[in-house]
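Below is one structure; the comments refer to it alone.
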Amino acid sequence: MMHQAAPLPATAHRADSLSGAIRVPGDKSISHRSLMFGGLASGETVITGLLEGEDVLATGRAMAAMGAKVTREDACWRVFGTGNGALLEPESPLDFGNAGTGCRLTMGLVGSYHMTSRFIGDASLSRRPMKRVLDPLRQMGVAVEAEEGDRLPVTLRGPATPVPITYRVPVASAQVKSAVLLAGLNIAGTTTVIEPVMTRDHTEKMLMGFGAKIEVAEDADGVRTIRIEGQPTLKGRTIDVPGDPSSAAFPLVAGLIVPGADITIENVLMNPTRTGIVLTLQEMGGLIDIVNWRDAGGEDVADLRVRSSELKGVAVPPERAPSMIDEYPVLAVAAAFAEGETVMDGIEELRVKESDRLHAVARGLEANGVDCTESEACLTVRGTPSGKGIGGGTVETHLDHRIAMAFLTMGLAAEKPVTIDDSRMVATSFPQFFDLMGELGATISRTTPEGDDR
1 MMHQAAPLPA TAHRADSLSG AIRVPGDKSI SHRSLMFGGL ASGETVITGL
51 LEGEDVLATG RAMAAMGAKV TREDACWRVF GTGNGALLEP ESPLDFGNAG
101 TGCRLTMGLV GSYHMTSRFI GDASLSRRPM KRVLDPLRQM GVAVEAEEGD
151 RLPVTLRGPA TPVPITYRVP VASAQVKSAV LLAGLNIAGT TTVIEPVMTR
201 DHTEKMLMGF GAKIEVAEDA DGVRTIRIEG QPTLKGRTID VPGDPSSAAF
251 PLVAGLIVPG ADITIENVLM NPTRTGIVLT LQEMGGLIDI VNWRDAGGED
301 VADLRVRSSE LKGVAVPPER APSMIDEYPV LAVAAAFAEG ETVMDGIEEL
351 RVKESDRLHA VARGLEANGV DCTESEACLT VRGTPSGKGI GGGTVETHLD
401 HRIAMAFLTM GLAAEKPVTI DDSRMVATSF PQFFDLMGEL GATISRTTPE
451 GDDR
């Protein structure tokens, strides 16, 4: 697994300019759910644009281990599902590698089945807490065995008669919301999730598309109540996965901070629950034109034209965090090249990602000469618009793909090169990162364990 392989350091060098048009891989959240819901539905689900990263492929293997047939033909994936309520008990542990989303959502999906399932992962995933998903499963009657702190490995033993619950999500988390709704698919009666702060809504939208009966109501205070009727018949469908806005964030920021850059990122998902990074960068003065708006299977999609910009620091509203939680590392990089101070508050969720991202970002900034202040739930960055004095350091990635890509993006505009200690984990979410950035004109070198450049 990833943590057992020899590190593959990488160094990004200042770019003269960046230009061209690229298309980033399919959205990670939708890709996970496409394989999962297709594996659960009756009949065939045909998927194009799937993100073929290690995280998503782990979800595909898990569904295959529970009876679905998952095949790839050219650039098209075909999934023949078991039918809702007909998943099989896996014969061996479900290994999710570094895939937190796949692991947590699958726990919800299988927890309400009267069978035993065991979940394992790599060193990074095994450090991440699962309590927020396991607590509602316990309320449904699921017996849970886990390591201290509700961490992997986790064994679930589903009850003969699971109980539908009403669950108020204690933190803004699409994974928790989704896990509860997925558990409700196999439970007679109505399962209800109360969501005080709206998070990405792909689960609700996609389950409706597969035939689930879901009702969503929102009160005057923005509190959402989501009800799902148990034991529906789900039917396979055709899905074209749009580009991942979290992956698009790296070339997006690169286009803003590299002098003379002018790039276009095509086919980007523009679901309102995912576009906080675009809005924030525009508020900072980023020249981002959103063009060619269109509908793709119920989701908004557009192309983003990005040009080199004079950025200024802003205070990012804490309530925006759920719509851009994965993009804060690269936003901090943009802030390093902005005039003045950028304050990112309400981001304590970063501490329980693939790494303690808040801490990792702060240390990476400091290692490369950027002035910043870290507190429990806040990061303040004081930028240098010219990039003078920035760079020259080595960043510890902690096996975190977004830390790796964020600081390689920094190196494209910094005065001195920026090095990361390992780049192998980039493949978990953005396998084409190095190739696509190279097409735009970026120079990023990787050194093999034998010392050869790639």
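As numbered in the UniProt record's numbering, residues 1 to 454 make up the sequence shown, in order. Built from N, CA and C at the ideal position, the CB exists for glycine as well. Fair warning: this is a prediction, and the values are worked out from it, not measured in the lab.
Please say whether residue j and residue i have beta carbons closer to each other than 9 Å?
i, j, result
"SER178", "HIS398", "no"
"THR342", "GLY389", "no"
"GLU339", "GLU310", "yes"
"GLY20", "GLU439", "yes"
"PRO242", "LEU269", "yes"
"GLU376", "GLY392", "no"
"GLY346", "GLU319", "yes"
"ALA65", "GLU91", "yes"
"LEU207", "THR280", "no"
"HIS32", "ALA99", "yes"
"residue 458", "ALA183", "Here the chain comprises residues numbered 1 to 454, so residue 458 is not present and cannot be evaluated."
"VAL193", "LEU185", "no"
"LEU412", "LEU18", "yes"
"GLY111", "LEU87", "no"
"THR273", "ARG227", "no"
"PRO322", "ARG127", "no"
"ALA334", "ILE257", "yes"
"ARG23", "GLU266", "yes"
"ARG14", "PRO417", "yes"
"TRP77", "LEU50", "yes"
"residue 455", "ALA12", "This structure cannot settle anything about residue 455, because the visible part of the chain is limited to 1 through 454."
"ARG424", "LEU57", "no"
"GLY38", "MET63", "yes"
"ASN271", "ASP300", "yes"
"ALA406", "VAL370", "no"
Answer with buried or exposed for residue i, where buried requires no fewer than 16 other C-beta atoms within 10 angstroms of its C-beta.
i, result
"GLN231", "exposed"
"CYS372", "buried"
"LYS28", "buried"
"VAL291", "exposed"
"THR166", "exposed"
"MET437", "buried"
"ASP435", "exposed"
"ASP16", "exposed"
"ASP122", "buried"
"LYS353", "buried"
"GLU195", "buried"
"ILE444", "buried"
"SER34", "buried"
"GLY222", "exposed"
"ASP400", "buried"
"GLY260", "exposed"
Along the chain, where does the alpha helix (DSSP H) that runs through residue i open and close?
i, result
"THR280", "276 to 283"
"TYR328", "328 to 336"
"THR106", "100 to 111"
"ILE403", "401 to 411"
"LEU125", "123 to 126"
"LYS312", "Careful: LYS312 lies outside any alpha helix (DSSP H) and carries neither H nor E."
"LEU440", "433 to 440"
"MET36", "28 to 40"
"PHE80", "Where PHE80 is concerned, there is no enclosing alpha helix (DSSP H), although the beta strand (DSSP E) it sits in stretches over 76 to 80."
Considering just the uninterrupted stretch of the beta strand (DSSP E) at residue i, what are its terminal residues?
i, result
"PRO153", "151 to 157"
"ASP55", "No beta strand (DSSP E) contains ASP55, which is instead part of the alpha helix (DSSP H) from 54 to 65."
"GLY20", "19 to 23"
"SER445", "443 to 446"
"ILE228", "224 to 229"
"SER117", "116 to 120"
"VAL169", "VAL169 -> no beta strand (DSSP E), and no H or E assigned at all."
"VAL301", "299 to 307"
"ARG294", "287 to 296"
My assumption, with CB atoms under 8 Å, is that residue i sits in contact with residue j. Please give the rounded CB distance.
i, j, result
"THR48", "ASP240", "5 Å"
"ALA10", "ILE403", "Not confirmed; about 12 Å, so no contact."
"residue 455", "THR409", "There is no way to answer for residue 455, as the model of the chain reaches only from 1 to 454."
"VAL133", "VAL176", "6 Å"
"ASP55", "GLY97", "7 Å"
"ASP244", "PRO25", "6 Å"
"ALA264", "ARG294", "According to the sequence as given, residue 264 is Thr; it is not Ala. Not really, about 15 Å apart at Cβ, beyond 8 Å."
"ASP262", "ARG224", "Rounded, the Cβ-Cβ distance is 40 Å, inconsistent with contact."
Indicate whether at least one CB of chain C lies closer than 9 Å to the CB of residue i.
i, result
"SER429", "Any reference to chain C falls outside this structure, which holds one protein chain only."
message = Within 8 Å, do at least three Cβ pairs link the region 81 to 97 to the region 216 to 236?
response = yes
key: Cβ contact check for the region 138 to 157 and the region 107 to 118: 3 or more pairs under 8 Å   = yes
task = Decide if the region 208 to 221 is in contact with the region 131 to 140; the criterion is three or more beta carbon pairs, one per stretch, under 8 Å apart.
result = no
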